[in-house]
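Asker: Numbering (our numbering), first residue to last: 71 to 373. Idealized CB from N, CA, C, for every residue including glycine.
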Amino acid sequence: MNKIHAKALINFDAIRRCGSIRQAARQLHLSSSALNRQLLELESQLGGPLFERLSSGLRLTPSGEVVARHVINVLQDLQRMTIELEALQGLKSGHVNLVTVEALTQAFVPEILQQLASHHPRVSASVRIAGWRKACEDVSDGSADVVIGFVHQRFIGLRQIAVAPFCLGAVVPPDHPLASRDSVTFSQCAQYPLVLPVPEISIFESIEPLLRAHPGPLQVIMQTSSFELMKQMACQGRGVAFINQLGIEDEIRRRVLVHLPLKKVSPSLLGIYVRAGRSLPPAIERFCRLAAAELERRQSEGF
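#1: For GLU371, which residues of its own chain have a beta-carbon under 6 Å away from its beta-carbon, when the five flanking residues on both sides are left out?
#2: For LYS333 versus SER250, is the C-beta distance shorter than 8 Å?
#3: Is ASP147 buried or exposed, if buried means 16 or more other CB atoms sit within 10 Å of its CB?
#4: Does the Cβ of VAL344 lie closer than 7 Å to at least one heavy atom of the ligand ZN?
#5: List the residues that DSSP assigns as beta-bridge partners of ALA195.
#6: Which value, in whole angstroms, describes the spacing of the CA atoms of ALA232 and ILE226?
#7: Have a look at ILE291 and ILE342 and give me their C-alpha separation to the nearest angstrom.
#8: With H, G and I counted as helix, E and B as strand and the rest as coil, what does DSSP make of LEU330?
#9: So what's GLN293 in DSSP terms, helix, strand or just coil?
#10: State the Cα-Cα distance for the pair THR170 and ILE354, rounded to the nearest angstrom.
#11: Given a cut-off of 8 Å on the beta-carbon distance, is the pair PRO337 and LEU238 in contact?
#12: Since ILE91 is in the alpha helix (DSSP H), which residue starts that stretch and which ends it?
#13: Can you list, in chain order, the residues of its chain with a C-beta nearer than 8 Å to that of LEU288? Leave out the 5 residues immediately preceding and following it.
#14: The beta strand (DSSP E) that contains VAL374, what's its start and end?
#15: Out of curiosity, what's the CA-to-CA distance linking LEU330 and ALA200?
#16: Measure the C-alpha to C-alpha separation of THR39 and PRO244 and round it to an integer number of angstroms.
#17: Once the 5 residues before and after GLN97 are set aside, which same chain residues still bring their CB inside 8 Å of it?
#18: Along the alpha helix (DSSP H) that carries ALA362, what are the first and last residues, could you check?
#19: Secondary structure at GLY309, three-state DSSP: helix, strand or coil?
#20: Please report the straight-line C-alpha distance between ALA205 and VAL268, rounded to a whole angstrom.
#21: Applying the criterion that 16 or more other CB atoms from any shown protein chain within 10 Å of the CB defines a buried residue, is PRO180 buried or exposed?
#22: Take the Cβ of SER101 as the centre, count every other Cβ of all protein chains shown within 10 Å, and call the residue buried at 16 or more, exposed below.
#23: With H, G and I counted as helix, E and B as strand and the rest as coil, what does DSSP make of LEU124?
#24: Going by the beta-carbon positions, is the gap between ILE277 and ALA173 smaller than 8 Å?
#25: Is DSSP giving PHE220 helix, strand or coil here?
#26: Starting from the C-beta of ALA187, find all residues in its chain whose C-beta is less than 8 Å away, skip the five residues before and the five after it, and write them out in chain order.
#27: Could you spell out where the beta strand (DSSP E) holding ILE342 opens and where it closes?
#28: Tell me ASN314's beta-bridge partners as DSSP assigns them.
#29: Between VAL242 and VAL136, is the Cβ-Cβ spacing less than 8 Å?
#30: Pull the bridge partners of ARG86 from the DSSP assignment, please.
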């Protein structure tokens with residue numbers, strides 16, 4: 071077998087992530103025909119097709135899956151080596167690609183990024199919003215470095231950095247009839263209009279058993295994937311929303327919202343995860359340490 075050049079691996083990874091030669095070619099600033107020739111040459115070197123050519127795009131073959139796993143490791147190790155060499159030269163640069171849930175972009179993630187910028191101003195970050203399953207897949211396949219989100223079941227292929235429980239509750243304005251209670255049942259909440267998450271949101275998995283067990287009809291005025299919209303509907307008093315304290319810290323302090331722990335519901339587990347087996351570059355390792363410390367602080371303070 072001839073030597074496989076690093077450029078061929080980079081181009082293969084771009085095709086894998088895009089699922090399209092045309093889209094990958096645009097990202098790589100190549101012509102589609104040139105990239106296709108390179109892929110055919112790589113497939114010839116490896117002795118078989120790496121992608122199935124489908125009408126909807128490209129899909130990895132079993133051989134392609136094997137190559138993809140190794141390419142992800144190679145490219146991430148290359149990134150780590152580059153950053154460590156730069157650190158030795160005093161550059162101390164790096165980049166963190168984070169994927170998280172919308173609720174954590176209100177205060178939790180900004181606090182971590184502020185600390186990171188304060189101590190390491192040359193480390194940059196990108197943040198994307200995704201549901202828990204998609205976020206885990208992105209970290210597992212190397213599309214992202216770190217996932218911070220609410221866990222309902224462990225995702226194979228990820229390593230847990232830290233995890234902490236946070237109370238799921240009903241959220242209402244201070245003048246709502248339920249606001250004077252210390253905690254509430256779902257049946258008590260069901261006497262009022264409800265704002266529910268869509269099934270793709272992790273919170274839905276926590277309250278789904280309560281929805282199924284409720285004997286009567288429910289007045290659901292909205293079902294949404296937007297945390298911000300659920301929060302605003304609760305602030306306006308238009309419906310009882312179900313979220314945990316993270317993301318409404320300011321509203322709780324200002325008494326704009328009241329968070330009422332929901333009885334008979336297990337706490338939401340907030341976790342920080344990276345790809346299993348990966349040696350973390352210094353910038354990502356530092357980010358994870360800051361995130362774990364912030365997680366511990368907020369758990370000890372209640373949010």
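Answerer: In this structure, then:
#1: none
#2: no
#3: exposed
#4: This structure does not include the ligand ZN; it has no bound ligands of any sort.
#5: VAL166
#6: 16 Å
#7: 33 Å
#8: strand
#9: strand
#10: 15 Å
#11: yes
#12: 91-98
#13: ALA260, LEU264, LEU281
#14: Outside the shown range of the chain, which is 71 to 373, sits residue 374, and nothing can be said about it.
#15: 26 Å
#16: This structure gives no information on residue 39, because the portion of the chain shown stretches from 71 to 373.
#17: ALA84, CYS88
#18: 352-371
#19: coil
#20: 17 Å
#21: exposed
#22: exposed
#23: strand
#24: no
#25: strand
#26: VAL193
#27: 338-345
#28: LEU238
#29: no
#30: In DSSP, ARG86 forms no bridge with anything.
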